[in-house]
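>
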Amino acid sequence: MVKDFTEEEKKGFYKAIYSRRDVRSHFISKSIEDDILSKILHAAHHAPSVGFSQPWNFILIKNIETKNKIKKSFEEEKKRSSQLIEDPKKSKYISFKLEGILESPVNICVTYDPTKFGPFVIGRSSIPEAGLYSVCCAIQNLWLSARTEGIGLGWVSILSNKILKETLELPEHVIPVGYLCLGYVNEFVDKPDLQTAGWLSRLDLKDVVYFEKWENKENENWKNIQELIKKNLNYA
Ligand SMILES: Cc1cc2nc3c(=O)[nH]c(=O)nc-3n(C[C@H](O)[C@H](O)[C@H](O)COP(=O)(O)O)c2cc1C
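Our numbering numbers the first residue of the sequence shown as 472 and each following residue consecutively.
1. Starting from the Cα of VAL679, find the closest Cα among ASN703, PRO559, GLU691, LEU651 and give me that residue.
2. Is the separation between the beta-carbon of THR638 and that of LYS549 shorter than 9 Å?
3. Buried or exposed, going by whether 16 or more other CB atoms sit within 10 Å of the CB of GLU478?
4. Within a Cβ cutoff of 6 Å, which residues of the same chain sit near SER616, ignoring the five residues on either side of it in sequence?
5. Which residue or residues does DSSP assign as beta-bridge partners of CYS652?
6. Distance, Cα to Cα, ILE700 vs THR537?
7. What are the boundary residues of the alpha helix (DSSP H) that ASN695 is part of?
8. Suppose the cutoff is 8 Å on Cβ atoms and the five residues either side in sequence are ignored; what does the same chain contact list for THR586 look like?
9. Any contact between the stretch 644 to 656 and the stretch 616 to 626? By contact I mean 3 or more CB pairs, one from each, below 8 Å.
10. Assuming VAL577 and VAL521 make a contact with CB atoms under 8 Å, what is their CB distance in whole Å?
11. What are the boundary residues of the alpha helix (DSSP H) that includes PHE545?
12. So, helix, strand or coil for PHE529, using DSSP?
13. Using a Cβ distance threshold of 8 Å, determine whether the stretch 491 to 504 contacts the stretch 660 to 676, with at least three qualifying pairs required.
14. Can you tell me whether DSSP reads TYR583 as helix, strand or coil?
15. What three-state label does DSSP hand ILE499 in the structure shown?
16. In or out: PRO519 buried (at least 16 other Cβ within 10 Å) or exposed?
17. Roughly how many whole angstroms lie between the Cα atoms of ILE488 and GLY594?
18. Thinking C-beta only, is ILE532 closer than 9 Å to ILE579?
19. Kindly list the residues whose CB is nearer than 8 Å to the CB of GLU547, restricted to its own chain and excluding five residues on each side of it in sequence; keep chain order.
20. Among LEU573, LEU635, GLN525, LEU508, which one has its Cα closest to the Cα of SER544?
21. Using a Cβ-Cβ cutoff of less than 6 Å, which residues in the same chain neighbour ASN534 once the five nearest sequence positions on both sides are dropped?
22. I believe ASP584 touches ASN528 by the beta-carbon criterion, under 8 Å. Please report the beta-carbon distance rounded to the nearest angstrom.
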């Protein structure tokens with residue numbers, strides 16, 4: 472039987488959660504050791520999945536030609552998406568560094584295969600998206616494990632899935648879910664880059680927690696937790 476976490480272990484867990492960052496601009500050239508990368512991939516593979524379907528695959532990429540193709544797709548998609556907004560937001564968006572494809576030593580494309588152990592997967596017949604959610608759980612494990620190992624990770628979603636599929640030779644039914652850039656960093660900043668840049672801030676927890684029904688923020692039966700939630704505590 473696995474024992475409960477000690478106080479020290481709990482601290483480590485919350486430290487990983489609170490100090491995880493999406494990293495785009497702090498990568499250093501040091502390569503990731505194979506045993507560390509293996510640990511991170513094992514952590515990802517131990518995520519929960521609907522019906523234990525483990526519908527993920529991890530494509531490890533370091534080939535420069537592949538990276539260049541993905542970077543080109545990023546540039547095109549960033550340009551395209553910038554047309555959706557007006558100045559001053561547009562110029563701000565264009566100025567943001569939103570990927571580290573070439574600077575990071577390892578890129579990983581995490582994919583979703585809906586056919587794995589299918590077509591009947593326990594728990595997926597009513598909510599088909601549960602398969603995709605499972606892949607996101609794997610990505611979060613991967614992200615936190617990387618942080619624990621001192622490795623930064625940046626998720627790039629400003630990409631064409633069509634180009635990704637062609638470049639990585641994915642079968643038609645396999646869906647790319649996350650394109651991740653991993654590498655050691657010179658620092659983990661304490662706030663999200665988009666917050667520092669004045670784009671958006673973290674919402675107060677009290678504004679995203681409802682009691683019993685949608686938008687119900689006050690409830691006599693939840694008084695104590697309501698007070699704690701208002702404090703925006705940091706458990707790291
Ligand atoms: C599904 C997903 C897609 C994302 N895509 C991008 C992206 O294309 N470029 C980028 O710079 N950051 C991307 N991010 C990172 C978010 O901007 C970042 O998580 C958020 O600003 C909060 O910052 P933090 O992760 O450092 O806490 C993505 C995050 C998620 C979860």
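Note that the Cβ used here is the ideal one computed from N, Cα and C, for glycine as well.
Well, looking at it:
1. ASN703
2. no
3. exposed
4. ILE511, ALA514
5. ASN578, GLY625
6. 46 Å
7. 694 to 701
8. HIS644
9. yes
10. In fact, because the Cβ distance is near 28 Å, the residues do not count as touching under 8 Å.
11. 535 to 553
12. strand
13. yes
14. strand
15. coil
16. exposed
17. 28 Å
18. yes
19. SER631
20. LEU635
21. none
22. 6 Å
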